[in-house]
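J.: I am attaching a structure below and will ask some questions about it afterwards.
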Amino acid sequence: KAGVTQTPRYLIKTRGQQVTLSCSPISGHRSVSWYQQTPGQGLQFLFEYFSETQRNKGNFPGRFSGRQFSNSRSEMNVSTLELGDSALYLCASSPRERSETQYFGPGTRLLVL
Amino acid sequence: GENVEQHPSTLSVQEGDSAVIKCTYSDSASNYFPWYKQELGKRPQLIIDIRSNVGEKKDQRIAVTLNKTAKHFSLHITETQPEDSAVYFCAASKASYDKVIFGPGTSLSVIP
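Chains A and B, in that order, are what the protein sequence lines are.
Under the working numbering, the residues of the first sequence are numbered 510 to 622, in order.
Under the working numbering, the residues of the second sequence are numbered -9 to 102, in order.
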C-alpha cells in the first residue's frame, strides 16, 4: 500500500495570510491526526478526525481548523498566520478507530515571513 | 489532560554501549505506550510499543519496560550502532478514541 502523503511539502507565506495543508492517509485507514513539530517542542497534537468527525482536539487557538472528507483525506487550515506558526506539520493515519499505531506522512514545512 | 515528560533531552553514547531513555506520564488511565524514532529529515516511525497489561517487551536490540505504579516507562537500546542516531519520542494514550500525547523527544547520538 502507498504510504501517507502530504501536499505541499514546502510552503512560504507571510503574516496574516491563511494556508491549507492536505493529507492522504493509507488506503483503508479512517483516523487522521495532525501534529505541529518545532525544534525543542516535539510533536504537539493539533486534532484528530475519524469518519469525517473531529474526535479529539489539542490546545491550539481557533485559527487552526481541519476537516476530513468521505474518502478519509484530511485538510488543515491555519488562518491569520503568525511568525510562530512556522513549523513542520505532520499528519498520521491509523487503521482502526483506536489512535494507536500511527503512520506518519513526510510533513509540510511551513515558513511564515 | 495527559502530560508526558522525557529524559534526557540529549544522549551521547559510544558505539556498542547501551542507551536508556525514560518517560513519565500523568494520567493513570493511559494504557498504550508507543516509541517513535525520527531520523534527521525523515518522518517518525514506530519502533516498539507496550500496553499496560505487559511489563516488558523486547524486539532484538530494543526493549521497553513499564512501571504502572510509578507511571513511567523506559526504552533500552543495547549494542548501539551509528544508525541508531536519531530523535526518539515516547508517547501515551488511553483507550479507544483518545489522542496520543508525545514526549518532547531525546536526541541520541551514537559515536563510532
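Even glycine gets a Cβ: it sits at the ideal position worked out from N, Cα and C.
Under the three-state reduction of DSSP, which class applies to P24 of chain B: helix, strand or coil?
T.: strand
J.: Based on Cα-Cα distance, which residue from B:E73, B:E46, B:L30, B:S83 lies nearest to P102 of chain B?
T.: B:E73
J.: Say whether chain A places a C-beta atom closer than 8 angstroms to the C-beta of G95 of chain B.
T.: By this cut-off, G95 of chain B is an interface position.
J.: Is the CB of L36 of chain B under 8 angstroms away from at least one CB in chain A?
T.: yes
J.: Note the first and the last residue of the continuous beta strand (DSSP E) segment covering V635 of chain A.
T.: A query on residue 635 of chain A cannot be resolved here, the shown segment of chain A reaching from 510 to 622 and no further.
J.: Which two residues bound the contiguous beta strand (DSSP E) that contains N565 of chain A?
T.: 562 to 566
J.: Taking the beta strand (DSSP E) that E(-5) of chain B falls in, what are its first and last residues?
T.: -6 to -3
J.: List, in chain order, every chain B residue whose beta-carbon is nearer than 9 angstroms to that of G616 of chain A.
T.: Annotation: Cβ neighbours of G616 of chain A in chain B (cutoff 9 angstroms, chain order): R33.
J.: For L590 of chain A, I'd like the list of residues in its chain whose CB is within less than 7 angstroms of its CB, leaving aside the five on either flank, ordered along the chain.
T.: K522, R524, G525, Q526, Q527, V528, V621
J.: Any idea which residues DSSP pairs N57 of chain B with across the strands?
T.: In the DSSP assignment, N57 of chain B is bridged to B:H62.
J.: Check whether the Cβ atoms of K84 of chain B and S20 of chain B lie closer than 8 angstroms to each other.
T.: yes
J.: Measure the beta-carbon distance from T70 of chain B to G6 of chain B and round it to whole angstroms, keeping in mind my assumption that it falls under 8 angstroms.
T.: 7 angstroms
J.: Please list the partners that F554 of chain A has in chain B, where partner means a Cβ-to-Cβ separation under 8 angstroms.
T.: K89, V90, I91, F92
J.: So, at 8 angstroms on beta carbons, what are the nonlocal neighbours of S536 of chain A in its own chain, with the 5 sequence-adjacent residues on each side left out?
T.: K510, A511
J.: Below 8 angstroms between beta carbons: does that hold for V10 of chain B and G93 of chain B?
T.: no
J.: Our contact map puts A81 of chain B next to I91 of chain B with C-beta atoms below 8 angstroms; I'd like the distance itself, whole angstroms only.
T.: 6 angstroms between Cβ atoms; contact.
J.: Who are the near neighbours of Q577 of chain A in its chain, counting only those whose CB is closer than 7 angstroms to its CB and skipping five residues on each side?
T.: Once the five neighbours on either side are set aside, the close Cβ partners of Q577 of chain A are V541, Y558, E561, S583.
J.: If the cut is a Cβ gap below 8 angstroms, which residues of chain A does F79 of chain B touch?
T.: G551, L552
J.: From W25 of chain B to R618 of chain A, what distance separates their C-alpha atoms?
T.: So the alpha carbons of these two residues sit roughly 23 angstroms apart.
J.: For A60 of chain B, count neighbouring C-beta atoms within 10 Å of its own C-beta (all shown protein chains included) and say buried if the count is 16 or more, exposed if not.
T.: exposed
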